[in-house]
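Counting in the numbering used here, the sequence shown runs from 5 upward without gaps. Presented below is the structure to which this report refers.
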Amino acid sequence: MFNALMVALVMYLSKFLDWGYLNIQVRPIILGPLVGLVLGDLTQGIITGAAIEAVFMGTFSVGGSVPSDVAAGAVMGTAFGILTGKGVATGVALAIPVGLLTTLLFNLVVLFFNFLVDYEDRAIANKQDYKFNGAHYFAMFFYPIPFAIMAFFAIYAGVAPIEEFMNNMPVQINQMLNVMAQMLPALGMAILTKSMWDKEIMPFFFIGFALAAYLGLDTMAIAILGASAAIYFIFTDFKRKKEMAAMKRTNTVTPVTSDPNMTNEMEDFLS
Numbered sequence: 005m006f007n008a009l010m011v012a013l014v015m016y017l018s019k020f021l022d023w024g025y026l027n028i029q030v031r032p033i034i035l036g037p038l039v040g041l042v043l044g045d046l047t048q049g050i051i052t053g054a055a056i057e058a059v060f061m062g063t064f065s066v067g068g069s070v071p072s073d074v075a076a077g078a079v080m081g082t083a084f085g086i087l088t089g090k091g092v093a094t095g096v097a098l099a100i101p102v103g104l105l106t107t108l109l110f111n112l113v114v115l116f117f118n119f120l121v122d123y124e125d126r127a128i129a130n131k132q133d134y135k136f137n138g139a140h141y142f143a144m145f146f147y148p149i150p151f152a153i154m155a156f157f158a159i160y161a162g163v164a165p166i167e168e169f170m171n172n173m174p175v176q177i178n179q180m181l182n183v184m185a186q187m188l189p190a191l192g193m194a195i196l197t198k199s200m201w202d203k204e205i206m207p208f209f210f211i212g213f214a215l216a217a218y219l220g221l222d223t224m225a226i227a228i229l230g231a232s233a234a235i236y237f238i239f240t241d242f243k244r245k246k247e248m249a250a251m252k253r254t255n256t257v258t259p260v261t262s263d264p265n266m267t268n269e270m271e272d273f274l275s
């Protein structure tokens, strides 16, 4: 029960921050280590969170569209991966369906909030600020509760069946899960690359591929090289913009030039 409570607490915190404060920062690479920390296996939490982040790297909520609940998938996937002892393969395999199914719960919660919005509109129309503020803070603190309850019961009642299922799984299917866990990060990277693909960044993509495939550099080395190149281009672009601004300031004062027609008329008059 303690593990279920800890996972539910992380789920509540993630949804609370996701709703109003740190929407972009609530990602698997952050939530994975948090789950690992409360479950006593920080290393596995970091590894599993990074693997799940690679899968969901190109998935973001735009407006009211929620393609997949990344936070819930990260919390539940990492928790099941640690508690069952199966690691990254189980975590990644469970994160995707959990993220998709949790969107159904999200839609139910948002449906309830539609009635709350009507209540807030009436409070504003009647100039009852205290009712509006109360409804606002109620929604802020109530929103994560259904997700935390879901996480608690899923961990409390679901770890043993999933662990037994994974232990009784044929070796071939287990190997397939391991292969799938290795392929899904590549799929996430492909989705991200497709969303931000541009001819200007294409050379860097192939440079990174060549560094990894032919020179055997690891991810950290390529990341350091990429960060160094990015810093160089930032300072170069800043210097170029500064020089262009200085040129514009010098060109604001234009020299006075004489009109050739006026000069000819003056010469004729004086002659």
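By construction, the Cβ of each residue, glycine as well, lies at the ideal position given by its N, Cα and C atoms.
For the alpha helix (DSSP H) that contains residue i, what are its first and last residues?
{"i": "residue 245", "result": "223-254"}
{"i": "residue 106", "result": "92-129"}
{"i": "residue 206", "result": "206-217"}
{"i": "residue 174", "result": "Looking at the DSSP string, residue 174 is not in any alpha helix (DSSP H), and its letter there is neither H nor E."}
Helix, strand or coil for residue i? Go by DSSP, reduced to three states.
{"i": "residue 60", "result": "coil"}
{"i": "residue 179", "result": "helix"}
{"i": "residue 147", "result": "coil"}
{"i": "residue 89", "result": "coil"}
{"i": "residue 201", "result": "coil"}
{"i": "residue 132", "result": "coil"}
{"i": "residue 45", "result": "coil"}
{"i": "residue 74", "result": "helix"}
Measuring CA to CA, which of the options is closest to residue i?
{"i": "residue 76", "options": "88, 92, 20", "result": "20"}
{"i": "residue 179", "options": "15, 154, 93", "result": "93"}
{"i": "residue 87", "options": "194, 6, 225", "result": "6"}
{"i": "residue 58", "options": "120, 119, 223", "result": "223"}
{"i": "residue 81", "options": "158, 114, 122", "result": "158"}
{"i": "residue 112", "options": "151, 142, 211", "result": "151"}
{"i": "residue 163", "options": "60, 95, 255, 250", "result": "95"}
{"i": "residue 15", "options": "134, 153, 105, 160", "result": "153"}
I'd like the list of long-range same chain contacts for residue i, defined as Cβ closer than 8 Å, with 5 residues on each side in sequence excluded.
{"i": "residue 43", "result": "7, 10, 11, 49, 83, 86, 87"}
{"i": "residue 37", "result": "46, 49, 50, 53"}
Does the Cβ of residue i have 16 or more other Cβ atoms within 10 Å, making it buried, or fewer, making it exposed?
{"i": "residue 232", "result": "exposed"}
{"i": "residue 248", "result": "exposed"}
{"i": "residue 156", "result": "buried"}
{"i": "residue 89", "result": "exposed"}
{"i": "residue 220", "result": "exposed"}
{"i": "residue 31", "result": "buried"}
{"i": "residue 108", "result": "exposed"}
{"i": "residue 147", "result": "buried"}
{"i": "residue 177", "result": "exposed"}
{"i": "residue 202", "result": "exposed"}
Between residue i and chain D, is there a C-beta pair that is closer than 8 Å?
{"i": "residue 21", "result": "No chain D is present in this structure, which holds just one protein chain."}
Here's a check: name, in chain order, each residue in its chain whose Cβ is nearer than 6 Å to the Cβ of residue i, leaving out the five neighbours to either side.
{"i": "residue 197", "result": "none"}
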